[in-house]
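Undergrad: Structure below; questions to follow.
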Amino acid sequence: MSSGIYAALSGAISKMQAVEVVSNNLSNVNTAGYKKDRLHFASVLDAATQTQQSNGMNYTYVPETVTDFTEGVMESTSNDLDVAIDGDGFFKINRDGLFYYTRLGNFDRAADGTMVTRTGDVVLSENGNPIVLPEGPISIDEAGSILAAEGEVGKIGVFDPDINLLEKRGNGQFYYSGNDTGVRQSDNGQVMQRYLERSNVKSMEETVIMMTSLRAFESYQKAMKNYYTIDAKADEIGSL
7 MSSGIYAALS GAISKMQAVE VVSNNLSNVN TAGYKKDRLH FASVLDAATQ
57 TQQSNGMNYT YVPETVTDFT EGVMESTSND LDVAIDGDGF FKINRDGLFY
107 YTRLGNFDRA ADGTMVTRTG DVVLSENGNP IVLPEGPISI DEAGSILAAE
157 GEVGKIGVFD PDINLLEKRG NGQFYYSGND TGVRQSDNGQ VMQRYLERSN
207 VKSMEETVIM MTSLRAFESY QKAMKNYYTI DAKADEIGSL
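Each residue of the sequence shown is one higher than the last, beginning at 7 in the numbering used here.
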């Protein structure tokens with residue numbers, strides 16, 4: 007069978023995977039704090055790689071899905087516990103003893119006063135401790151300091167993990183696969199109270215990618231049919 011069939015097949019599969027990723031991005035276009043994904047494509051070309059990964063055949067493959075951490079648009083709200091980060095950095099949360107990072111700052115006050123996410127995970131201070139909020143109005147400055155009638159009651163941590171080691175886990179949260187104790191405070195991330203960072207998905211851009219991927223998928227399908235026809239003719243001639 008022609009190696010071209012394998013190239014066309016792998017190309018078709020990769021384009022369908024691209025469509026799936028784009029579809030998920032579009033479904034989260036209005037999800038605050040969402041970061042879009044992209045497929046990282048590569049081709050098996052050199053002899054060594056062919057021998058190890060493709061049995062000598064040249065085809066396209068998708069090694070991984072990567073997250074685009076481009077900052078989304080900041081949208082103002084009327085909630086004192088809505089916060090966003092202008093610049094680099096992530097909020098740090100504790101979920102059942104595991105630490106996660108997020109850009110989604112639609113926080114809440116638990117019954118005991120602890121600052122939590124909407125799913126109940128504990129928001130951590132710059133020192134990695136829970137933050138306890140008093141009753142009544144609060145203000146949050148650019149450094150993340152939380153001010154109440156009695157003065158400063160805590161400071162929201164803004165951390166700067168290596169984004170290459172962040173693994174998406176849903177609800178706008180990322181698990182850090184590196185050494186968490188080595189994650190430092192962000193140098194240039196500023197906290198904005200009564201703001202939320204919107205999704206960084208751009209509908210028009212994603213739609214264009216989807217249409218391009220679908221057209222490419224159709225082209226790969228046609229190529230496969232042509233290769234099958236050529237192979238069938240070759241077999242027919244060879245049997246004479």
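All residues carry an ideal CB built from backbone N, CA and C; glycine is no exception. Fair warning: this is a prediction, and the values are worked out from it, not measured in the lab.
#1: Which residues in the same chain have their Cβ closer than 7 angstroms to the Cβ of Ser151, if we skip the five residues on either side of it in sequence?
#2: Take Gln199 as the anchor and find which of Met22, Met80, Asp74, Asn31 has the nearest alpha-carbon.
#3: Would you list, in sequence order, the uninterrupted beta strand (DSSP E) runs of no fewer than 3 residues that lie entirely inside the stretch 144-168?
#4: Buried or exposed for Asn194, going by 16 or more other Cβ atoms inside 10 Å?
#5: So what's Arg2 in DSSP terms, helix, strand or just coil?
#6: What are the complete beta strand (DSSP E) segments, minimum 3 residues, inside the stretch 78-151?
#7: Under the rule that 16 or more other beta-carbon atoms within 10 Å means buried, what is Glu141, buried or exposed?
#8: Is the Cβ-Cβ distance between Ser192 and Val214 less than 8 angstroms?
#9: Just tell me which of Pro136, Gly178, Asp88, Ser131 has its CA closest to the CA of Ile144.
#10: State the start and end residues of the unbroken beta strand (DSSP E) segment that holds Tyr201.
#11: Give every residue of the same chain whose Cβ lies closer than 7 angstroms to the Cβ of Glu148, excluding the five residues on either side of it in the sequence, and list them in chain order.
#12: Between the C-alpha atoms of Lys98 and Met121, what's the straight-line distance to the nearest angstrom?
#13: For Asn94, collect the residues of the same chain with a Cβ closer than 7 angstroms to its Cβ; drop the 5 residues on either side in sequence, then sort them by chain order.
#14: From the DSSP secondary-structure annotation, give me the bridge partner or partners of Gln196.
#15: Classify Gly247 as buried or exposed, calling it buried when 16 or more other Cβ atoms lie within 10 Å of its own Cβ.
TA: In short, the structure shows the following:
#1: Glu158, Lys161
#2: Met80
#3: 151-154, 157-161
#4: exposed
#5: Nothing in the structure corresponds to residue 2, since the chain is present only between 7 and 246.
#6: 80-82, 89-92, 97-101, 104-108
#7: exposed
#8: no
#9: Asp88
#10: 201-203
#11: Gln196, Val197
#12: 12 angstroms
#13: Note that residue 94 is Asp in the sequence shown, not Asn. The residues are Asp166, Ser192, Asn194, Gly195.
#14: Asp92
#15: Residue 247 is absent from the model: the chain starts at 7 and stops at 246.
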